[in-house]
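FYI, my numbering numbers position 33 of the sequence shown as 63, with every residue one higher than the one before it.
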Amino acid sequence: MNSNKPAKNRPLTYYRREFNAMGTPCEIQLFAVSTATASAAADAAVAEVQRLEARYSRYRPDSFLSEINRAAAAGTAIEVDAETASLLDYATTCHQQSEGLFDITSGLLRQAWKFDSGRLPEPAALTALLAKVGWDKVVWQKPLLGFGVAGMEIDFGGVVKEYAADCAATVCRNRGVKHGVVNLGGDIRVIGPRGDGTPWRVGIRDPRQRGEILKTLPVYEGAVASSGDYERCLLIDGVRYGHILNPKTGWPVRHLAAVTAVADFCVVAGSASTIAMLKEADGVEWLRQLNLPCLWVDVHGGSGGTLG
């Protein structure tokens, strides 16, 4: 990896910005030629993250995603812009590579899964929702996105935060910053090493021990993202039901507890870790074939991967 180590006669200024976006604490750390340069780059990067949140949040009725979902609810079609088309194309690729397990129409299932209720969903409720889930029910012919079944929904939750981390890093690079890291709630894109050429240290959380770090990775550039069953879950009769749901059955995955992947882009690391979780017993072999550096932990406490 290229260290991009700065010239010794130009010491760089360290700058850190904390903010909240996409429902999670975020931060940007930069080394730049001046505080003003770093602050301006951070301002632009935060603005880019906020732009994407405003455009693709399912919680905002004025977002473009909500406009898409109004068409989905009615079973009609809508024309989308180039950026949204690129996200849909990527989601289509993920759907194909995961054999239908990575599906951006499956967010509808959260209507049945109430992770703060302490109760499992009614089977009839899941069956009714599953009839409206499936990327195969969508007609995607750029720029038109059509829905063959009324009551469907699109959720970019498995893509857009990672995409935002990549976009924020690009904004910083375009403003001349070559050393920094963007962290959007654990979705991490490294712009380049620290100001002295040493790597950033990225901690990988233990999926079963809250607050504990499983491993610390040295990262000079690229991206790190994780998926796991620990963010939102139900514990019933000693069984853990996580929030990563199989779109074909409507039930949570039960084989891997957490997966971390390293890639050039955060959106790739994020989707790879999620697909591995969704593939359950086949996830580890799929990661090996993908040849991405990874670390996995199964529900029995076993672990492995090239990062292990």
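Don't be surprised by glycine CBs; every beta carbon is placed ideally from N, CA and C.
Open item on the list: Going by beta-carbon coordinates alone, are GLY181 and ALA115 separated by less than 9 Å?
Closed with: no
Open item on the list: DSSP three-state label for ARG224, please.
Closed with: coil
TODO: Please state whether DSSP places TYR193 in a helix, a strand or coil.
DONE: helix
- [ ] Closer than 6 Å by C-beta to ASN213: which residues in its own chain qualify, once you throw out the five before and the five after it? Chain order, please.
- [x] GLU57
Open item on the list: Contact between the region 53-73 and the region 211-230 is defined here as three or more beta-carbon pairs at a separation below 8 Å; is this criterion met?
Closed with: yes
Task: Run of the alpha helix (DSSP H) containing GLN113, from where it starts to where it stops - done: Strictly speaking, residue 113 in this sequence is Glu, with Gln absent from that position. GLU113 -> alpha helix (DSSP H) spans 112-127.
Open item on the list: With a threshold of 7 Å on Cβ separation, who are the neighbours of TRP170 within its own chain once the five nearest residues in sequence on each side are excluded?
Closed with: LEU118 and THR122
Task: 7 Å CB neighbourhood of PHE295 in its chain, flanking five on each side removed - done: Once the five neighbours on either side are set aside, the close Cβ partners of PHE295 are ASP196 and ALA253.
Open item on the list: Quick check on DSSP: helix, strand or coil for GLU339?
Closed with: Summary: the structure shown does not reach residue 339, with the chain confined to residues 31 through 338, and so no result is reported for it.
- [ ] Note down the Cα distance separating GLN239 from PRO91, rounded to an integer number of angstroms.
- [x] 37 Å
TODO: Could you tell me the distance, in whole angstroms, from the CA atom of ARG203 to the CA atom of ALA154?
DONE: Rounded to the nearest whole angstrom, the CA to CA distance from ARG203 to ALA154 is 50 Å.
TODO: Have a look at PHE186 and PHE94 and give me their C-alpha separation to the nearest angstrom.
DONE: 11 Å
TODO: Provide the residue span of the alpha helix (DSSP H) that contains ILE98, from first to last.
DONE: 94-104
Task: Own chain partners of ARG47 with C-beta closer than 6 Å, once the 5 adjacent residues on each side are dropped - done: ILE58 and ALA72
- [ ] Report all residues from its chain with a CB closer than 6 Å to the CB of PRO277; omit the five preceding and five following residues, and keep chain order.
- [x] ASP133, SER136 and VAL163
Open item on the list: Using only CA atoms, which one of VAL190, ALA199 and ALA291 lies nearest to ILE234?
Closed with: ALA291
Open item on the list: Please report the distance separating the alpha-carbon of ASP360 from that of ARG40.
Closed with: Absent from the structure is residue 360, since the part of the chain shown begins at 31 and ends at 338.
Task: Three-state class that DSSP yields for ARG318 in the structure shown - done: helix
TODO: Go ahead and pull the three-state DSSP assignment for SER256.
DONE: strand
TODO: Going by CA-CA distance only, name the one from VAL314, VAL283 and GLN319 that's closest to SER333.
DONE: VAL314
Task: Cβ neighbour criterion (16 or more within 10 Å) applied to PRO248 - done: exposed
Open item on the list: Considering only DSSP beta bridges, list what VAL169 is partnered with.
Closed with: GLY176
- [ ] Compute the Euclidean distance between the alpha carbons of VAL298 and LEU131, then round it to the nearest angstrom.
- [x] 16 Å
Task: TYR89 - DSSP class collapsed to helix/strand/coil - done: coil
Open item on the list: Give me, in chain order, the residues of the same chain whose beta-carbon lies closer than 7 Å to that of ARG224; leave out the 5 immediate sequence neighbours on both sides.
Closed with: PHE61, HIS209 and TRP230
Open item on the list: Could you compute how far the alpha carbon of ASN32 sits from the alpha carbon of THR228?
Closed with: With a pLDDT of 43 at ASN32, under the threshold of 50, the modelled position of this residue cannot be trusted; read the value that follows with caution. Approximately 11 Å between the Cα atoms of the pair.
Open item on the list: Quick check: the Cα distance between GLU78 and TYR120, rounded to an integer number of angstroms?
Closed with: 20 Å
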